[in-house]
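Comments concern the structure below.
Numbering (my numbering), first residue to last: 13 to 293.
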């Protein structure tokens, strides 16, 4: 299933794509598409519905983040060897873990704000994993059963704040609008292998990133098992699993960064596409 949230900011309703690609309203069956409604049992009830009997959503509504009330927004850094190389950083022996603040979350096509004073705002297309079943000390062999589904994430990053301003990466990763999520939450039954998906990103029509999740250093099951050693994972938590090469910081001979007035377009096989306009904060 391809589940989504649509409507004005703060007033999003749950929806589902039907076989023709039209949005059907789910609000009479669940309050929101959030951690309380994406466990296996809830998803099975949605799957049993006759989509043709659900109200058709007319027009072209705004699409919100595909998960509401996100608890934790956990990110994995340097998870592609060639991205570590372009960043002039060693391949990590263990996953690099950092956070995005939930105030960074926006819809997949909402504007991305360039922070005031920013000189190095960058892009990163990433596979998102949404937790549907709680767990701690999860075995790697059981990890996929804890996933509700997958989505596209743009891990927008301000490199000066991240690298040159001291402390952890978080201050360069969690600025407002730096976490576009969606358009869809694609349930795990539709993705046979999350570690074999093409992902790409363009800025103003120029393709910068072209990768495949098969080149991840740490696979999706490993990441879930690893994180669960340090924190319980809860329904509605979102994990962003790292980016392939082609970020602006890595462009040779000179880095390329975002400025107001540009268009970012990105996507992942089977998970849909995003498109954002950059504006000044």
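Don't be surprised by glycine CBs; every beta carbon is placed ideally from N, CA and C. Since the structure is predicted, the reported quantities are computational estimates derived from the model, not experimental observations.
Go to residue i, then tell me how far its alpha helix (DSSP H) extends in each direction, as first and last residue.
{"i": "residue 56", "result": "52–59"}
{"i": "residue 237", "result": "232–239"}
{"i": "residue 182", "result": "182–185"}
{"i": "residue 306", "result": "The shown model of the chain, from 13 to 293, leaves out residue 306, and the question about it has no answer."}
Please classify residue i: does DSSP put it in a helix, a strand, or coil?
{"i": "residue 173", "result": "helix"}
{"i": "residue 266", "result": "coil"}
{"i": "residue 37", "result": "strand"}
{"i": "residue 128", "result": "coil"}
{"i": "residue 46", "result": "strand"}
Only counting the same chain, and skipping five residues up and downstream in sequence, which positions put a Cβ closer than 6 Å to that of residue i?
{"i": "residue 287", "result": "121 and 277"}
{"i": "residue 76", "result": "17, 24 and 119"}
Comparing C-alpha positions only, which one of the options sits nearest to residue i?
{"i": "residue 248", "options": "79, 202 and 138", "result": "79"}
{"i": "residue 252", "options": "162, 71 and 75", "result": "162"}
{"i": "residue 216", "options": "71, 40, 135 and 23", "result": "135"}
{"i": "residue 337", "options": "63, 146 and 110", "result": "Lying before the first or after the last residue shown, residue 337 is absent from the chain, which here runs from 13 to 293."}
{"i": "residue 170", "options": "42, 260 and 239", "result": "260"}
Taking just the CA atoms, how far does residue j sit from residue i?
{"i": "residue 150", "j": "residue 232", "result": "13 Å"}
{"i": "residue 48", "j": "residue 69", "result": "24 Å"}
{"i": "residue 117", "j": "residue 235", "result": "21 Å"}
{"i": "residue 208", "j": "residue 93", "result": "16 Å"}
{"i": "residue 177", "j": "residue 154", "result": "39 Å"}
{"i": "residue 265", "j": "residue 258", "result": "13 Å"}
{"i": "residue 119", "j": "residue 186", "result": "15 Å"}
{"i": "residue 219", "j": "residue 137", "result": "12 Å"}
{"i": "residue 19", "j": "residue 73", "result": "6 Å"}
{"i": "residue 270", "j": "residue 246", "result": "34 Å"}
{"i": "residue 293", "j": "residue 268", "result": "19 Å"}
Would you mind reading off the limits of the beta strand (DSSP E) that contains residue i?
{"i": "residue 277", "result": "275–280"}
Short of 8 Å in beta carbon distance, which residues of its chain neighbour residue i, apart from the five on each side in sequence? Order them along the chain.
{"i": "residue 197", "result": "14, 15, 16, 45, 50, 78, 79, 142, 160, 161, 162 and 163"}
{"i": "residue 34", "result": "68 and 69"}
{"i": "residue 244", "result": "146, 147 and 148"}
{"i": "residue 227", "result": "92, 93, 94 and 256"}
{"i": "residue 100", "result": "none"}
Which residues in the same chain as residue i place their Cβ atom closer than 7 Å to its Cβ, once the five residues preceding and following it in sequence are excluded?
{"i": "residue 203", "result": "162 and 282"}
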